[in-house]
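Following this note's numbering, the numbering of the sequence shown begins with -14 at its first residue and continues without gaps. Ideal Cβ placement from N, Cα and C applies to all residues, glycine included. Source: prediction; values computed, not measured. A short worksheet on the structure shown next.
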Amino acid sequence: MQKVLIARPIFPDVVERLRQYFEVDWNTGEVLGAEALTQRLADKDGALTAGDTVSAAMLAAAPRLRVVANMAVGYNNFDMDGFNAAHVLATNTPDVLNESTADFGWALMMAAARRMAEAEHWLRGGHWQKWAYDGFLGADIHGSTLGVIGMGRIGQALARRARGFNMQVLYHNRTRVAPAIEAELNAHYVSKEALLQRADHVVLVLPYTPQNHHAIGAAELALMKPNATLTNLARGGIVDDAALADALRHKRIAAAGLDVFEGEPQLNPALLSVPNIVLTPHIASATEATRRAMANLAADNLIAALGEGPNAGRPPNPVNPQVSGRARA
Ligand code: 8YV
C-alpha cells in the first residue's frame, strides 16, 4: 500500500476515505514545523497539507513523494520551482470555496464600514449609557463604489453581490476579464491607482506572489479616500500591515477588515492597538459545508494523483500539470 501523510487534523470521515486506499500517517497534534514535516514526508508517496510550507529541501528528502494536495485554493506555501524541478505534482481546491469566501468578504467589509467590532468592544466594556446621534457613525455600503483587486473566481462572486446594494463596481486584475463577465457584473476595469482613488470600499482577493508583496503599502494607502475601507481576504504579505496600522491610526483611511496577516498566526502588534479595524483568524472559507468540500476535494486529488479511485491518474485540480511525475517507487 502507498503511504500518505495528512499533515493536519481534518474531518475524520475524510481520513477514513483515504484509509481505503493508503496507509495513512495522520498528524492530529500541533502544526508540524519544518523539521518534523521533513521527517514525516521522508517515506511518503503523497501528502495532504493545509497551508503548510513545503520546500525544495523537503521534496529532495522525500524521494518517493509524487503529489502534495493542498486543502486551499492558494498554494503560495509551496515552492513551485522546487515542485517542478523535482517533478512533484501540486494540487489545490479551487471553486468550492468561492461563495462562502465571497459571503465572508462582505461580512468583513460591512463590519469594518459600520464599525461593528469597535462598537461591540465598547458595549462589552460597559460604556453604553445613552444613545447618541453621532455614536459610531460609519460609511454607507449601498450606493457606494466597490473596488475589487483580483477579479478571479472569488472576486467575481464578490462583485456579483454588489448589485443588491446598488453599487458601482471597479476592478483591477492582471488581465481584463471577458467582456461577457464585465457586463454580467457591471464591473469596470481600471488601473490599480484609479481604483484606489475612486473606490469607497477596496477588497483584496488576488493571489500572493513575490511580485505583489506589499502591493498595498504606504503609497497605495495614501491614494485612498479618507473615508474608505480596505478588506484583505487574500493573503498576508499583500498588505504592508505596519503601513496599514499607521494609516488607520492617523485616520488616513476610515477602517479595515483583515482575515489574513503577514506572518500569521502572529500579528503585527500595531494592528491590535488601533480601534478602527475588524480582525478575524483566516476563516473566510470556514463554513462546515465548504471546509468539508475542500477536504474532500483535496482527498480526491490525492487519491487520483496516486493512481487510485474512480479518477485514477486524472486529479481534478493539478497546479503544475506539466510535470510528468516522479516514477512510482
Ligand atoms: C484555507 C485559504 O482555509 O483556500 C485558501 O487559499 O486561504 C483558506 O481557504 C487556508 O489556506 C488553509 O489551508
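What is the C-beta distance between residue i and residue j, in whole angstroms, given that I count them as a contact (C-beta under 8 Å)?
{"i": "L155", "j": "A184", "result": "6 Å"}
{"i": "N302", "j": "T78", "result": "6 Å"}
{"i": "V81", "j": "A278", "result": "4 Å"}
{"i": "V133", "j": "V58", "result": "16 Å between Cβ atoms; not a contact."}
{"i": "H157", "j": "S176", "result": "7 Å"}
{"i": "T76", "j": "V304", "result": "6 Å"}
{"i": "A255", "j": "A230", "result": "4 Å"}
{"i": "E249", "j": "H267", "result": "6 Å"}
Return the chain-ordered list of same chain residues with a C-beta closer than 8 Å to the C-beta of residue i, the five sequence neighbours on each side being excluded.
{"i": "V(-11)", "result": "L3, F7, E8, V9, D10, K29, D30, G31, A32, L33, L287 and L291"}
{"i": "R220", "result": "G59, N61, P192, Y193 and V245"}
{"i": "A19", "result": "T38, S40 and M43"}
{"i": "A241", "result": "A97, T214, L215, T216, N217, L229, L233, N261, I262 and V263"}
{"i": "I(-9)", "result": "V0, L3, V9, D10, W11, N12, A32 and L33"}
Could you pull out every residue in the same chain whose Cβ sits closer than 7 Å to the Cβ of residue i, ignoring the five residues on either side in sequence?
{"i": "N83", "result": "R138, I139 and A142"}
{"i": "R146", "result": "A87 and W91"}
Quick one: what's got a C-beta closer than 6 Å to residue i's C-beta in the same chain, skipping five residues either side?
{"i": "A346", "result": "The structure shown has nothing for residue 346, since the chain only spans -14 to 314."}
{"i": "A21", "result": "none"}
{"i": "A54", "result": "L33, T76, A283, N286 and L287"}
Would you call the CB atoms of residue i and residue j closer than 7 Å?
{"i": "A232", "j": "I223", "result": "no"}
{"i": "R(-7)", "j": "A42", "result": "no"}
{"i": "R379", "j": "R51", "result": "Past the edges of the chain, shown from -14 to 314, lies residue 379, and the structure says nothing about it."}
{"i": "A96", "j": "V263", "result": "yes"}
{"i": "M56", "j": "A283", "result": "yes"}
{"i": "L131", "j": "T216", "result": "no"}
{"i": "T275", "j": "S40", "result": "no"}
{"i": "T214", "j": "H173", "result": "no"}
{"i": "G135", "j": "V190", "result": "yes"}
According to DSSP, simplified to helix, strand and coil, what is residue i?
{"i": "N217", "result": "strand"}
{"i": "V263", "result": "strand"}
{"i": "H235", "result": "coil"}
{"i": "K177", "result": "helix"}
{"i": "N158", "result": "coil"}
{"i": "I(-5)", "result": "coil"}
{"i": "A54", "result": "strand"}
{"i": "I201", "result": "strand"}
{"i": "W11", "result": "strand"}
{"i": "L256", "result": "helix"}
Could you compute how far the alpha carbon of residue i sits from the alpha carbon of residue j?
{"i": "Y60", "j": "A124", "result": "34 Å"}
{"i": "F150", "j": "S270", "result": "23 Å"}
{"i": "T13", "j": "F(-4)", "result": "11 Å"}
{"i": "P195", "j": "D225", "result": "13 Å"}
{"i": "M65", "j": "R25", "result": "20 Å"}
The ligand PLP and residue i: does the residue's C-beta get closer than 6 Å to at least one heavy atom of that ligand?
{"i": "M56", "result": "For the ligand PLP, the structure offers nothing, since it holds only the ligand 8YV."}
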